[in-house]
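Colleague: Quick one: this structure, given as structure tokens, is what I'll be asking you about.
There are 2 protein chains.
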Amino acid sequence: MDQSNGMLPKKEDRRVRRTKKLLTQALTRLLQEKQISEITVRELTDLADMNRGTFYLYYRDIFDMLEKIEDSMFEALDDIVSLHQNDDVSRQAKPILLDLFRFIEENQEICSVLLSPHGDMNFLHRLNQVVREKCLQLWPNKEEEKDSSFEYHYSFVVYGCVGVFRAWLNGKCQEPAEKMAELADAMIRRGSL
Amino acid sequence: MDQSNGMLPKKEDRRVRRTKKLLTQALTRLLQEKQISEITVRELTDLADMNRGTFYLYYRDIFDMLEKIEDSMFEALDDIVSLHQNDDVSRQAKPILLDLFRFIEENQEICSVLLSPHGDMNFLHRLNQVVREKCLQLWPNKEEEKDSSFEYHYSFVVYGCVGVFRAWLNGKCQEPAEKMAELADAMIRRGSL
DNA sequence: ATGTTATTGAACATCATGTTGACTTTATCA
DNA sequence: TGATAAAGTCAACATGATGTTCAATAACAT
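Taken in sequence, the protein lines are chains U and R.
For what it's worth, our numbering labels the leading residue of the first sequence as 1, then goes sequentially.
For what it's worth, our numbering labels the leading residue of the second sequence as 1, then goes sequentially.
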């Protein structure tokens, strides 16, 4: 999960990295306390201890900034998904789930904020779409299962897992990622009762 | 799902009902297009065709307004949950699920918006808490199941159902509520694979 | 050391906000 | 129906955030 906006061939200036990092830290901290819409550019740059104008060198507004942060999250998530391209998820979902739980653990602060009450619904929907596309890639053959209930099944699983992520983050990721992956896999496969 | 802010003994003035209804319609419509934070009081009252000052007679700001709308949603949800107090959800979840799907169908616009990319994470969390309390009431005895995985199970189910709600609303609630309740019940009970 | 680039600080017009007061319209209830 | 209370309108105001600018300074890369 790098903070850069794209895959620039040349690495960014050290000052730019510093600026974006400070802004991201400040935003993460503010989002723990209030809605994104209540956050002003002024208080963000004050907290990051920099000039207000500097913010506008990189972001159009605070929503644009959050979106760019989410972009870098999805780049990292895409990498994880790519590693498990050949997994037969319908038999074994644990491996990819384990990597996901580990990723979340490594990025607790920002993940916690994105899924918090002050978080972003759009993030959930982008997540849902990513999984949807992956599922369609993995099971392009099963024509008989392509009834409408397909949409409901993956939505149920994706959002269900998000719920588990939330609960896990809420408890500061106490349980080991391995145990969580096993639990999630069991609920997907055998239900929750 | 009434629009009143509380349990006022006296019914509100007709003008007040009209004003709040117009504002709610305008907000619902605007939330289909943009984030709540991008909505100004001016454009809201312009769309509702009323004076800007009138808004401030009832709401502190637009977030306050959304919160009050959500409050009335939860009142309606509480009523539904109360009707199923004696249900043994672990055996039969269909009845309460059916009522929930019907409620969503009857309030498509606002539900669709609340769960959309422009929706509200806080709404999900309030929903999660409501279900959590109900679950704790219903199974106060099963001590052996009160390990940490309890938190994960109901979170999985609640968020999973939200995902199904989302998908259903996305397709304009084509499938009958009965079928959806059955499907959701099956996924909760027997998993999604 | 030098040229380049990022950051600063100040200034600016613009717009949304939240509140006020006098005025008009509408609802309620006797 | 008509009196009275309440809701809504309109205009105005101070305040503060916004987004942009420009010259000056600081930090960087080589």
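We put the CB at the ideal spot given by N, CA and C, even for glycine.
Relative to the alpha-carbon of residue 64(U), which residue among 122(U), 33(U), 104(U) and 158(U) has its alpha-carbon at the smallest distance?
Modeller: Position 64 of the first sequence holds residue 64(U). Ranking 122(U), 33(U), 104(U) and 158(U) by Cα distance to residue 64(U) puts 122(U) first.
Colleague: Which residues in the same chain as residue 110(R) place their Cβ atom closer than 6 Å to its Cβ, once the five residues preceding and following it in sequence are excluded?
Modeller: For the purposes of this step, residue 110(R) is identified with residue 110 of the second sequence, where counting begins at 1. Around residue 110(R): 28.
Colleague: Identify each residue in the segment 59–86 of chain U for which the Cβ-Cβ distance to at least one residue of chain R is less than 7 Å, and report them in chain order.
Modeller: Here the close residues are 63.
Colleague: How is the alpha helix (DSSP H) around residue 84(R) delimited, first residue to last?
Modeller: Here the question's residue 84(R) lines up with position 84 in the second sequence. Where residue 84(R) is concerned, there is no enclosing alpha helix (DSSP H), given that its DSSP letter is neither H nor E.
Colleague: Can you check whether the C-beta of residue 130(U) is within less than 9 Å of a C-beta belonging to chain R?
Modeller: To locate residue 130(U), count along the first sequence from 1; it is residue 130. It does not; no Cβ of chain R falls within 9 Å.
Colleague: Who are the neighbours of residue 193(R) on chain U, taking C-beta pairs under 7 Å?
Modeller: Sequence index remark: in the second sequence, residue 193(R) carries index 193 (1-based). Per Cβ cutoff of 7 Å: 90, 188 and 189.
Colleague: What does residue 25(R) touch in chain U if you count any residue whose Cβ is under 8 Å from its own?
Modeller: Working through the second sequence from its first residue, we reach residue 25(R) at position 25. The contacting residues do not exist; residue 25(R) stays about 21 Å from chain U at best.
Colleague: If you compare alpha carbons, which of 22(U), 98(U), 71(U) and 11(U) is closest to residue 185(U)?
Modeller: The residue you call residue 185(U) lines up with position 185 of the first sequence. It is 98(U).
Colleague: May I ask which residues mark the beginning and end of the alpha helix (DSSP H) holding residue 122(R)?
Modeller: To locate residue 122(R), count along the second sequence from 1; it is residue 122. Segment 121–138, the alpha helix (DSSP H) holding residue 122(R).
Colleague: Give a yes or no on whether the minimum CB-CB distance between residue 161(U) and chain R is below 9 Å.
Modeller: Locating residue 161(U) in the first sequence gives position 161, counting from the first residue. Taking Cβ atoms only, chain R reaches closer than 9 Å to residue 161(U), which makes this a yes.
Colleague: Residues of chain R with CB under 7 Å from residue 117(U), in chain order?
Modeller: The residue you call residue 117(U) lines up with position 117 of the first sequence. Within chain R, the residues near residue 117(U) are 121, 122 and 125.
Colleague: Could you list which residues in chain U have their beta carbon closer than 9 Å to that of residue 113(R), in chain order?
Modeller: Position 113 of the second sequence holds residue 113(R). Within 9 Å Cβ-Cβ: nothing; residue 113(R) doesn't reach chain U, min ~10 Å.
Colleague: Please return the same chain residues whose Cβ sits closer than 7 Å to the Cβ of residue 157(U), not counting the five positions on each side in sequence.
Modeller: Start at 1 with the first residue of the first sequence, and residue 157(U) comes out as number 157. Excluding residues within five positions, the ones whose Cβ falls inside 7 Å are 188.
Colleague: Do residue 112(R) and residue 163(U) have their C-beta atoms closer together than 9 Å?
Modeller: One-based indexing of the second sequence puts residue 112(R) at position 112. One-based indexing of the first sequence puts residue 163(U) at position 163. It is not a contact, given that the beta carbons lie outside the stated cut-off.
Colleague: Assign residue 190(U) to one of three DSSP states: helix, strand, or coil.
Modeller: What you label residue 190(U) is simply residue 190 of the first sequence in a count that begins at 1. Note: residue 190(U) maps to helix in three-state DSSP.
Colleague: Compare the C-beta of residue 151(U) with all C-beta atoms of chain R and state if any pair is closer than 9 Å.
Modeller: Within the first sequence, residue 151(U) is the residue found at index 151, counting from 1. Interface residue, yes.
Colleague: Between residue 85(U) and the rest of its own chain, which residues show a CB-CB distance below 8 Å, the 5 nearest in sequence each way excluded?
Modeller: Here residue 85(U) refers to the residue found at position 85 of the first sequence. Contacts found: none.
Colleague: Give every residue of the same chain whose Cβ lies closer than 6 Å to the Cβ of residue 8(U), excluding the five residues on either side of it in the sequence, and list them in chain order.
Modeller: Here residue 8(U) corresponds to residue number 8 of the first sequence, with the count starting at 1. At residue 8(U) the pLDDT is 43, less than 50, meaning the model places this residue with poor confidence and gives no usable figure here.
Colleague: Please list, in chain order, all residues of the same chain as residue 47(R) whose beta carbon is under 6 Å from its beta carbon, the five residues on each side excluded.
Modeller: Position 47 of the second sequence holds residue 47(R). Closer than 6 Å at the Cβ level, and outside the excluded window around residue 47(R), lie 26.
Colleague: Should residue 120(U) be labelled buried (16 or more other beta-carbon atoms within 10 Å of its own) or exposed?
Modeller: Walking along the first sequence from the start, residue 120(U) turns up at place 120. That one is buried.
Colleague: Rank 159(U), 100(U) and 41(U) by C-alpha distance to the C-alpha of residue 79(U) and give the top, closest one.
Modeller: By one-based count along the first sequence, residue 79(U) stands at place 79. The shortest C-alpha separation from residue 79(U) is found at 100(U).
Colleague: Counting only the same chain and skipping the five closest in sequence on each side, list residues whose C-beta sits under 7 Å from that of residue 177(R).
Modeller: By one-based count along the second sequence, residue 177(R) stands at place 177. Hits under 7 Å: 98, 101, 102 and 105.
Colleague: Leaving out five residues on either side along the sequence, give the residues of the same chain with a beta carbon under 8 Å from the beta carbon of residue 81(U).
Modeller: Counting from one through the first sequence, the residue named residue 81(U) turns up at place 81. These residues qualify, in order along the chain: 96, 130 and 134.
Colleague: Between residue 242(R) and chain U, is there a C-beta pair that is closer than 9 Å?
Modeller: Since the first residue of chain R shown is 1 and the last is 193, residue 242(R) is not available in this structure.
Colleague: Let me make sure I understand the geometry here. Which of 180(R), 57(R) and 35(R) has the alpha-carbon closest to that of residue 15(R)?
Modeller: Residue mapping note: residue 15(R) aligns to position 15 of the second sequence, counting from 1. The option with the nearest alpha carbon to residue 15(R) is 57(R).
Colleague: Looking at chain R, is there any beta carbon in it that lies within less than 9 Å of the beta carbon of residue 35(U)?
Modeller: Here the question's residue 35(U) lines up with position 35 in the first sequence. Closer than 9 Å to some Cβ of chain R, the Cβ of residue 35(U) qualifies, so yes.
Colleague: Can you check whether the C-beta of residue 103(R) is within less than 9 Å of a C-beta belonging to chain U?
Modeller: Within the second sequence, the letter at position 103 stands for residue 103(R). No, residue 103(R) does not count as interfacial toward chain U.
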